[in-house]
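Some notes on the structure that comes next.
Protein chains: 2
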Amino acid sequence: MSVPTKKKPQVTAAPERRRELLDTAAEVFAEQGYNATTVRKIADHAGMLAGSLYYHFDSKESMLEEILRTFLDELWDGYDAVLGDELGPRETLEALVTESFREIDRHRAAVAIYQKESKQLAPQERFAFLAESQRKFEKAWLSTLERGVAAKVFRADLDIRLTYRFVRDTVWVAASWYRPGGQHSPEEIARQYLSMVLDGIAVRE
Amino acid sequence: MSVPTKKKPQVTAAPERRRELLDTAAEVFAEQGYNATTVRKIADHAGMLAGSLYYHFDSKESMLEEILRTFLDELWDGYDAVLGDELGPRETLEALVTESFREIDRHRAAVAIYQKESKQLAPQERFAFLAESQRKFEKAWLSTLERGVAAKVFRADLDIRLTYRFVRDTVWVAASWYRPGGQHSPEEIARQYLSMVLDGIAVRE
DNA sequence: GTTCTTCCCTAACAATCGTTTGGTAGATTA
DNA sequence: TAATCTACCAAACGATTGTTAGGGAAGAAC
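First to last, the sequence lines map onto chains A and B. Under numbering that gives the first Met the number 0, think of the first position of the first sequence as 0, with each following residue one higher. Under numbering that gives the first Met the number 0, think of the first position of the second sequence as 0, with each following residue one higher.
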């Protein structure tokens, strides 16, 4: 048996303070960008000194990783539930979009970080789960769109990959301006977005 | 008369090398993010040492400023031309979207930088032109949408500010995946985007 | 009442950052 | 040919970065 060297909590025990600090960090990361955020700024917002953060976490990068992992885990809980319902293509799309806006509502900071940083992070081995999630995401959306085209509920004359990016982007960029507790609920925003994506903004003749 | 102290070119004379270096810097800024980009990395890509950049520019920030200013100046040349044509609301929207994709094609790196960094930069006095451009941009789009609603060519049942953000975002996020010289021309992408935004992706009954 | 654990502070560390200073090879001008 | 100018290099600067080591106060456990 080697020497235990048990000294820091890191992942074990009392997750409340840890969660608090991660929420604070996520807020600062989202507002200032990951690279522009110093650990001293995070510590300031948390009311402690920079070094004290290292009692809870072993690096700035591990905070970022845990923030993104937590978000993606919960996101896929919701997505998998929707996809498991085996709805029709249009209903699946509606449910996915609505679920997405609920996630933006719950994890606004994490979503903003994900959007800004994931492209640079994904190539790193440590953040391989980002790329994996992206593939799963693309697969779920593309197959839904393809099912819709086959069932003649979605237009067949559109480039399907372009359509995918279109729908994906229109949903997630909302995180850049959305503020929880505003005048629109996530469901209300989802309804309006869906109305635009599905039927367009032009008046029908 | 005070001593001239004329030593560096900075803005005057031979703009070719300067433009070359700015293009290189923009590429690195876009790929790695402004804060994550060191002047040494820029210099590496340009085949020189970090200090040598300061013969051409007086700071890293001034490179960023010039990149964004140049982009926005050319963007507004295009936009003002469109808005000056006094087209109908639908035609104005179509022309603005098409013009936007052309700008993405020409200034891909600058657009990507603008999207990632403008939110953090705009509050700074030095980058006040970003906020000003944003206001002009919003005004142009909102008035076009309002004209369209009044003329009954755009739907009246949608929140107009939500619609504005929707259209704006759908266009500009394309810069994050668009690659010049790909299989789609800017005009082709604009056509498909307009088709989705105007008519939706659902099949009409 | 001692010991242990939890959670933070104080103080520093090596590395890296943007930037400056002084110099110089080569072309251009006089 | 001498003088000047252009465009860079070599080497360092102070500041800031993420991170670590050692310590200490306060409560919990025994």
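Just so you know, even glycine gets a beta-carbon here, dropped at the ideal spot from N, CA and C.
Using beta carbons (cut-off 9 Å, strictly below), is Lys151 of chain A in contact with chain B? Residue mapping note: residue 151 of chain A aligns to position 152 of the first sequence, counting from 1. For Lys151 of chain A, the answer is yes, since a Cβ of chain B falls inside 9 Å of its Cβ.
If the cut-off is 7 Å on Cβ atoms, which residues from the segment 13-33 of chain B count as contacting chain A, listed in chain order? Within the segment 13-33 of chain B, Gln31 and Gly32 place their CB atoms closer than 7 Å to a CB of chain A, listed in sequence order.
Straight-line CA distance for Trp171 of chain B to Val110 of chain B? On the second sequence, residue 171 of chain B is found 172 positions in, with the first residue counted as 1. On the second sequence, residue 110 of chain B is found 111 positions in, with the first residue counted as 1. Their Cα atoms are separated by approximately 8 Å.
Please tell me whether Leu161 of chain A and Gln191 of chain B are closer than 9 Å, where the distance is taken between their beta carbons. To locate residue 161 of chain A, count along the first sequence from 1; it is residue 162. To locate residue 191 of chain B, count along the second sequence from 1; it is residue 192. Yes. Within cutoff.
Roughly how many angstroms lie between the CA atoms of Ile66 of chain A and Gly87 of chain A, to the nearest whole one? As a working mapping, residue 66 of chain A is identified with position 67 in the first sequence. As a working mapping, residue 87 of chain A is identified with position 88 in the first sequence. Answer to the nearest angstrom: the Cα atoms are 33 Å apart.
I'd like to know if Leu197 of chain B contacts chain A, where contact means its C-beta is closer than 9 Å to some C-beta of that chain. Stepping through the second sequence from its first residue, residue 197 of chain B is reached at position 198. Interface residue, yes.
Tell me the rounded alpha-carbon separation between His44 of chain A and Thr23 of chain A. As a working note, residue 44 of chain A is residue 45 in the first sequence. As a working note, residue 23 of chain A is residue 24 in the first sequence. For His44 of chain A and Thr23 of chain A, the distance between alpha carbons rounds to 7 Å.
For the candidate residues B:Met47, B:Asp79, B:Asp104 and B:Arg89, whose alpha-carbon lies nearest to that of Ala176 of chain B? Walking along the second sequence from the start, residue 176 of chain B turns up at place 177. Checking the sequence, you will find Trp at residue 176 of chain B rather than Ala. Ranking B:Met47, B:Asp79, B:Asp104 and B:Arg89 by Cα distance to Trp176 of chain B puts B:Asp104 first.
Ends of the alpha helix (DSSP H) at His44 of chain A? The count along the first sequence starts at 1 and reaches residue 44 of chain A at position 45. Val38 to Ala45 is the span of the alpha helix (DSSP H), which, as asked, contains His44 of chain A.
Touching by the beta-carbon criterion (3+ pairs, under 8 Å), the segment 91-98 of chain B and the segment 143-155 of chain B: Touching, yes, given that three or more Cβ pairs across the two stretches are closer than 8 Å.
Chain B residues whose Cβ lies nearer than 7 Å to that of Lys115 of chain A: As a working mapping, residue 115 of chain A is identified with position 116 in the first sequence. Correct list: Lys115.
Might you give, ordered along the chain, the residues of its own chain that have their beta carbon closer than 7 Å to the beta carbon of Thr97 of chain B, omitting 5 neighbours on each side? In the second sequence, residue 97 of chain B corresponds to position 98, counting from 1. Glu186 and Ala189, listed in sequence order.
First through last residue of the alpha helix (DSSP H) which encompasses Val152 of chain A: What you label residue 152 of chain A is simply residue 153 of the first sequence in a count that begins at 1. For Val152 of chain A, there is no enclosing alpha helix (DSSP H), as DSSP gives it neither H nor E.
Is the beta carbon of Ala49 of chain A closer than 9 Å to that of Thr36 of chain A? Taking the first sequence and counting its residues from 1, the one referred to as residue 36 of chain A is at position 37. Taking the first sequence and counting its residues from 1, the one referred to as residue 49 of chain A is at position 50. Their beta carbons are not under 9 Å apart, which means Thr36 of chain A does not touch Ala49 of chain A by this criterion.
Own chain, CB closer than 6 Å to Glu102 of chain B, minus 5 neighbours either side, in chain order: Here residue 102 of chain B is taken as the residue at index 103 of the second sequence, counted from 1. Only Leu74 meet the Cβ criterion.
Would you identify the three-state DSSP class for Ala201 of chain B, choosing helix, strand or coil? Stepping through the second sequence from its first residue, residue 201 of chain B is reached at position 202. Looking at Ala201 of chain B - three-state DSSP - the assignment turns out to be strand.
Taking Gly181 of chain A as the reference, give the member of A:Ala155, A:Arg107 and A:Tyr53 with the closest Cα. On the first sequence, residue 181 of chain A is found 182 positions in, with the first residue counted as 1. Closest in C-alpha terms to Gly181 of chain A, from the list A:Ala155, A:Arg107 and A:Tyr53, comes A:Arg107.
Consider the Cβ of Asp168 of chain B: report whether some Cβ of chain A lies at a distance smaller than 9 Å. Residue mapping note: residue 168 of chain B aligns to position 169 of the second sequence, counting from 1. Asp168 of chain B has a beta carbon lying within less than 9 Å of a beta carbon in chain A.
Supposed close pair Tyr163 of chain A, Glu137 of chain A - CB separation, criterion 8 Å: Position 164 of the first sequence, counted from the first residue, corresponds to residue 163 of chain A. Position 138 of the first sequence, counted from the first residue, corresponds to residue 137 of chain A. About 7 Å separates the Cβ atoms of Tyr163 of chain A and Glu137 of chain A, confirming a contact at the 8 Å cut-off.
Could you say which of B:Gln31, B:Asp79 and B:Glu64 lies nearest to Ala121 of chain A if we only look at CA atoms? Locating residue 121 of chain A in the first sequence gives position 122, counting from the first residue. It is B:Gln31.
Whole angstroms is fine: what's the gap from Pro14 of chain A's alpha carbon to Asp72 of chain A's? Position 15 of the first sequence, counted from the start, is the residue given in the question as residue 14 of chain A. Position 73 of the first sequence, counted from the start, is the residue given in the question as residue 72 of chain A. Per the coordinates, the alpha-carbon of Pro14 of chain A lies some 17 Å from the alpha-carbon of Asp72 of chain A.
If distances are taken between C-alpha atoms only, which option among B:Arg203, B:Ala174 and B:Leu63 comes closest to Phe126 of chain B? Stepping through the second sequence from its first residue, residue 126 of chain B is reached at position 127. Here the closest residue by C-alpha is B:Leu63.
Using the beta-carbon of each residue, which ones in chain A are nearer than 7 Å to Leu141 of chain B? Residue 141 of chain B sits at position 142 when you count from the first residue of the second sequence. Per Cβ cutoff of 7 Å: no residues; Leu141 of chain B is ~13 Å from chain A at best.
Taking the alpha-carbon of Lys59 of chain A as reference, which of A:Arg39, A:Leu193, A:Phe165 and A:Ala155 has the nearest alpha-carbon? For this step, residue 59 of chain A is matched to residue 60 along the first sequence. Out of A:Arg39, A:Leu193, A:Phe165 and A:Ala155, A:Arg39 has the C-alpha closest to the C-alpha of Lys59 of chain A.
Applying the 10 Å Cβ sphere with the 16-neighbour rule, what's the burial state of Tyr33 of chain B? Residue 33 of chain B sits at position 34 when you count from the first residue of the second sequence. When all chains shown are included, Tyr33 of chain B counts as buried.
Beta-carbon proximity check, Asp158 of chain B vs Asp198 of chain A, cutoff 9 Å: Sequence index remark: in the second sequence, residue 158 of chain B carries index 159 (1-based). Sequence index remark: in the first sequence, residue 198 of chain A carries index 199 (1-based). When the beta-carbon positions are compared, Asp158 of chain B and Asp198 of chain A stay at least 9 Å from each other.
Judging by CA-CA distance, which residue of B:Leu52, B:Ala201, B:His183 and B:Arg167 is the nearest neighbour of Val152 of chain A? The residue given as residue 152 of chain A occupies position 153 in the first sequence. When each option's Cα is compared against that of Val152 of chain A, the closest is B:Ala201.
List, in chain order, every chain A residue whose beta-carbon is nearer than 7 Å to that of Ser61 of chain B. The sequence position of residue 61 of chain B within the second sequence is 62, counting from 1. Ordered by position in chain A, no residue passes the 7 Å Cβ test against Ser61 of chain B, which lies about 18 Å from the chain.
Once the 5 residues before and after Gly77 of chain B are set aside, which same chain residues still bring their CB inside 8 Å of it? Within the second sequence, residue 77 of chain B is the residue found at index 78, counting from 1. Correct list, in chain order: Glu98, Arg101 and Glu102.
Report yes or no: is there a C-beta of chain A within less than 9 Å of the C-beta of Trp176 of chain B? Mapped onto the second sequence, residue 176 of chain B falls at position 177. Chain A, which has a Cβ nearer than 9 Å to the Cβ of Trp176 of chain B, makes this yes.
Option nearest Glu131 of chain B by Cα separation, candidates B:Ala155, B:Tyr54 and B:Lys118: Here residue 131 of chain B is taken as the residue at index 132 of the second sequence, counted from 1. Comparing Cα positions, the closest option is B:Lys118.
With distance defined between alpha-carbon atoms, name the residue in B:Ser184, B:Leu193 and B:Leu52 nearest to Arg167 of chain B. Reading the second sequence from its first residue, position 168 is the one you call residue 167 of chain B. The shortest Cα separation from Arg167 of chain B among B:Ser184, B:Leu193 and B:Leu52 belongs to B:Leu193.
Whole angstroms are fine: how far does the CA of Arg203 of chain B sit from the CA of Ser61 of chain A? One-based indexing of the first sequence puts residue 61 of chain A at position 62. One-based indexing of the second sequence puts residue 203 of chain B at position 204. Each residue's CA atom was taken as its position, placing Ser61 of chain A and Arg203 of chain B some 49 Å apart.
Exposure of Glu116 of chain A, with buried meaning 16 or more beta-carbon neighbours within 10 Å: Taking the first sequence and counting its residues from 1, one reaches residue 116 of chain A at position 117. By the 10 Å Cβ count, Glu116 of chain A comes out buried.
Return the first residue and the last residue of the alpha helix (DSSP H) that Arg125 of chain A is part of. Looking up residue 125 of chain A in the first sequence gives position 126. Looking at the DSSP string, Arg125 of chain A is not in any alpha helix (DSSP H), and its letter there is neither H nor E.
Interface residues of chain B around Asp158 of chain A at Cβ under 7 Å? As a first step, residue 158 of chain A must be located in the first sequence, where it is residue number 159. By Cβ distance, chain B contributes Gln191.
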